[in-house]
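Below: the structure, in structure tokens.
There are 2 protein chains.
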Amino acid sequence: MQRPTIKTIAQETGLSIATISKALKNSPQVRPETRAIVVAAAERVGYELNMHGVQLRTGKTYQVAAIMTAPGPKQQEWEGVEYAQLLSGISWALEESPYRVSLYAVRNFEESLATIRQIVSLKKADGIIVSGTRADDPRVRIMQDADFPFVTYGTTIHNDPHAYVDADNEQMIRRSVARLVERGHRRIALINPMADLSYAITRLDAYRGALDIAGLPFDPALVVHDRLTPAFGRESVLTMSRLPDPPTAYICANEASALGAFSGFHERGLVHGRDAVINATDDLNVSQYFAPPITTYFLPINEPSELLGSYILRRMEGEPPEALQALIMPKLIERSDDRVVPKR
Amino acid sequence: MQRPTIKTIAQETGLSIATISKALKNSPQVRPETRAIVVAAAERVGYELNMHGVQLRTGKTYQVAAIMTAPGPKQQEWEGVEYAQLLSGISWALEESPYRVSLYAVRNFEESLATIRQIVSLKKADGIIVSGTRADDPRVRIMQDADFPFVTYGTTIHNDPHAYVDADNEQMIRRSVARLVERGHRRIALINPMADLSYAITRLDAYRGALDIAGLPFDPALVVHDRLTPAFGRESVLTMSRLPDPPTAYICANEASALGAFSGFHERGLVHGRDAVINATDDLNVSQYFAPPITTYFLPINEPSELLGSYILRRMEGEPPEALQALIMPKLIERSDDRVVPKR
DNA sequence: TATCAAAATAAAAACGTTTAACTTCTTTGT
DNA sequence: ACAAAGAAGTTAAACGTTTTTATTTTGATA
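Chains Z and A, in that order, give the protein sequences.
Sequence positions in the first sequence follow our numbering and run 1 to 344.
Sequence positions in the second sequence follow our numbering and run 1001 to 1344.
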């Protein structure tokens, strides 16, 4: 027995396939009574819309492309693990819609650029979600030029306005620094993501601004940029703790680097809360299990990810991008006093 | 200007669309010279196959459904993070093929069952990759009954043979236990995944077998089953360390639970290597950053994930499932001596 | 050179849907 | 009472491909 089509329903009801099609999509051209008959018949025969027909006819793909930048296979590091939660959040937001998440794993920025170019020009999806935005992001421009719906996870700085979701990095860093200064810290390290990422710049600027306000000097030796792996956090601590005037606080951009920082503490014999402290930005709620638990700004990743999903839906419906911008302020979770007794 | 189709090429070359179609798929029915002409023309006009037409005509979807079981949004726990790497591995394995990974996030087993039922009956994908297998898995049976290509990440115990990829849990646990026994441990705890998962049973059986061989008694109080979150690892340590005769070694099923176990150590004032030790199964290579680093069986997750990708491709090509089964033995990484001085 | 089989190409139908254009029927306004 | 307008439905074409069937071309043979 074949899968029923609108033709099946047409025969079943004696109506034409055009009417069936219209009835099923609630066109005002068909009478409510007729629609009821059609719907009943569809129900009876177990009809389900065949997307392939729709896609061919309308050119819509009903796919949302999620561009996932993950390091290559050789690169065995704890990086980008929050992507799992990000994807599931997006997927759930699309659940009630006919759209599916189609995954495009890429190794680096260039690949993501090429992939996006292809998706846009060959219309392999109806919308794109992309993360790891740069200050001036060519991918954003490509999609804007083609008038292609997209949402970024992360802001840009020099691009025209577009739909985005991001944590409020600016506020987060300003308050982090201010709080540490209040607690007597004068040498605060910033473990920052890759320098070309937009939020690295935002964080750095906020950091410098906060230092200014506190009347503290900016020391480039206390700022590092790289991929946010544990290895990076570890190396940073190993290096900076050897400075003549080492930091008493480390602000880590995520939990992976914070974990690595702990590893560096262990290696150097540093004790958290005595020699220095670690703060972090948390989106997996894992810092509470560190020993000791650390103070973090916590933004449960499902929030931005579900927002990404609903934004791309609304963007594909034609809503203007200006209405689809969210900066979310993470919640401060103070798990540690974070005071450090000044040496001597 | 419209996107070129085979019709464009037909006009361009003066051939019929049937010939174009055949030429482009290397049918022996078309002369090499003709094919050359067609290919050249296709190149010239920048032709790309339109999948929608193909899909409608052939019924193939060129989608591989990846069923991702992730806890609901409220459930803010570090769980299932390795899924990100899993998905990217699969996605890379499919890169050269026309197939794409389509993501289906589900909250629990029942949802995954329903989702798979739907994918199979409505043919929403050409193949399925599913994880979290149970000893007797109804999803496997559904797919087998429908003769639907699939690969599981994880074995089953009571199902008919099918394609799978898994770590060799049996060997891993046997050797883990034997190694700990060699180092003087007589009370070894097993932090195991949910009891209905196939690998929980495999691990438990191996654990009992290894204890038997070592002449040690089996104590049910030393075995716990639950979702592998840090919270679970932590709770397990908090509880077990209060036993009259507490364990001196904890074998954790993944890194999340191992991290939680450390948190439990910290809470109880236990020192790793003095009071007890933690071993784990590692697929993200993160245990090296614990303080102190712990001994693990390491299986870089990209290995099984790329295997999953290539297996599903071969399965969709019609290879028999018996040829597509892999049990991978993780590599022992001894980061700690793991001897514990007996109390008193 | 005529014949025939084989090889190469063309024609046409089909996959399931949407939609523009058309027909029929009913209602409304003068 | 009748034309015009509106409502509800139908017809037919179209989206881009594959594949079955039909037709033409080619080359070998008698």
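Cβ coordinates follow ideal geometry from the N, Cα and C atoms, glycine included.
Predicted, not measured: the structure shown is a model, and the values here were computed from it.
is_contact[residue i, chain A] using C-beta, thresh 9 Å
i, result
"V286 of chain Z", "yes"
"G260 of chain Z", "yes"
"A253 of chain Z", "no"
"E48 of chain Z", "yes"
"R344 of chain Z", "Confidence at R344 of chain Z is low in this model, with a pLDDT of 40, below 50, so the placement of that residue should be treated as unreliable; the coordinate-derived value is given next. No - not a single Cβ of chain A is within 9 Å of the one on R344 of chain Z."
"P330 of chain Z", "no"
"R148 of chain Z", "The identity of residue 148 of chain Z in the sequence shown is Phe, whereas the question assumes Arg. Judged by the 9 Å Cβ criterion, F148 of chain Z is not in contact with chain A."
"F109 of chain Z", "no"
Short Cβ contact (9 Å threshold) for residue i with residue j
i, j, result
"P304 of chain Z", "I328 of chain Z", "yes"
"D338 of chain Z", "L197 of chain Z", "no"
"G1260 of chain A", "E1235 of chain A", "yes"
"D214 of chain Z", "I173 of chain Z", "At residue 214 of chain Z the sequence reads Ala, which differs from the Asp that was named. Not closer than 9 Å, so no."
"L324 of chain Z", "Y62 of chain Z", "no"
"P247 of chain Z", "A189 of chain Z", "yes"
"D1168 of chain A", "P1300 of chain A", "no"
"V45 of chain Z", "E96 of chain Z", "no"
"R1315 of chain A", "V1106 of chain A", "no"
"I191 of chain Z", "S131 of chain Z", "no"
"P1193 of chain A", "R1203 of chain A", "yes"
"I1116 of chain A", "I1312 of chain A", "no"
"D205 of chain Z", "E170 of chain Z", "yes"
"L1056 of chain A", "G1309 of chain A", "no"
"Y1047 of chain A", "P1004 of chain A", "yes"
Residue nearest to residue i in terms of C-alpha spacing, selected from the options
i, options, result
"P1386 of chain A", "A:A1323, A:Y1153, A:N1159", "Residue 1386 of chain A falls outside the range modelled here, since chain A spans only 1001 to 1344, and no answer is possible."
"G1053 of chain A", "Z:E96, Z:L49, Z:G59", "Z:G59"
"T295 of chain Z", "Z:L216, Z:Y311, Z:I251", "Z:I251"
"S102 of chain Z", "Z:S91, Z:T34, Z:L324, Z:L216", "Z:S91"
"Y1034 of chain A", "A:N1050, A:L1015, A:V1271", "Checking the sequence, you will find Thr at residue 1034 of chain A rather than Tyr. Nearest of A:N1050, A:L1015, A:V1271 to T1034 of chain A, Cα basis: A:L1015."
"K124 of chain Z", "Z:A66, Z:F290, Z:N169, Z:A195", "Z:A66"
"A1253 of chain A", "A:G1233, A:V1081, A:R1100", "A:G1233"
"R208 of chain Z", "Z:G89, Z:A105, Z:S176, Z:D226", "Z:S176"
"L1228 of chain A", "A:D1219, A:T1239, A:A1195", "A:A1195"
"Y1153 of chain A", "A:P1161, A:I1312, A:I1142, A:D1166", "A:D1166"
"G273 of chain Z", "Z:S263, Z:S336, Z:A221, Z:R186", "Z:S336"
"Y1104 of chain A", "Z:L24, Z:N108, Z:G89", "Z:G89"
"Q1002 of chain A", "A:H1185, A:P1217, A:N1050, A:P1028", "A:N1050"
"L113 of chain Z", "Z:E319, Z:H162, Z:M143", "Z:M143"
"P321 of chain Z", "Z:G127, Z:D226, Z:Q288, Z:R100", "Z:G127"
"E317 of chain Z", "Z:E267, Z:V64, Z:A280", "Z:V64"
"E319 of chain Z", "Z:P32, Z:P149, Z:A42, Z:E111", "Z:P149"
"Y289 of chain Z", "A:P1230, A:P1217, A:F1290", "A:P1230"
Within-9 Å CB hit, residue i to chain Z
i, result
"T1061 of chain A", "yes"
"Q1055 of chain A", "yes"
"Q1085 of chain A", "yes"
"G1080 of chain A", "yes"
"E1096 of chain A", "no"
"A1276 of chain A", "no"
"P1161 of chain A", "no"
"H1185 of chain A", "no"
"R1117 of chain A", "no"
"Y1289 of chain A", "yes"
"A1018 of chain A", "no"
"A1178 of chain A", "no"
"M1068 of chain A", "yes"
"Y1311 of chain A", "no"
Nonlocal neighbours in the same chain, by C-beta distance under 8 Å from residue i, ignoring five residues either side
i, result
"A346 of chain Z", "Lying before the first or after the last residue shown, residue 346 of chain Z is absent from chain Z, which here runs from 1 to 344."
"Y1083 of chain A", "M1068, A1070"
"A1276 of chain A", "S1241, P1246, P1247, T1248, A1249, Y1250, F1265, L1270, V1340"
"L284 of chain Z", "V81, E82, Q85, E255, I301"
"R1344 of chain A", "No answer about R1344 of chain A holds up, because its pLDDT of 40 lies below 50 and its placement is not dependable."
Other residues of its chain near residue i: CB distance less than 6 Å, five sequence neighbours each side excluded
i, result
"T1156 of chain A", "T1133, D1137, V1140, S1198"
"I1020 of chain A", "I1006, I1009, A1010, V1038"
"Q85 of chain Z", "I301"
"I1017 of chain A", "I1006, K1007, A1010"
Cβ shell of residue i (< 7 Å), same chain only, five flanking positions each side left out
i, result
"L307 of chain Z", "V165, A326"
"A200 of chain Z", "N192, P193, M194, H225"
- [ ] Output the residue ranges of the beta strand (DSSP E) runs that lie fully inside the stretch 1117-1181 of chain A and measure 3 residues or longer, sorted by chain position.
- [x] 1127-1131, 1150-1153, 1164-1167
Task: Entirely enclosed beta strand (DSSP E) segments - the stretch 1003-1079 of chain A, minimum 3 residues - done: 1063-1069
Open item on the list: Report the start-end ranges of each beta strand (DSSP E) in the stretch 222-308 of chain Z that is 3 residues or longer and not cut off at the edges.
Closed with: 223-225, 249-252, 277-282, 295-298
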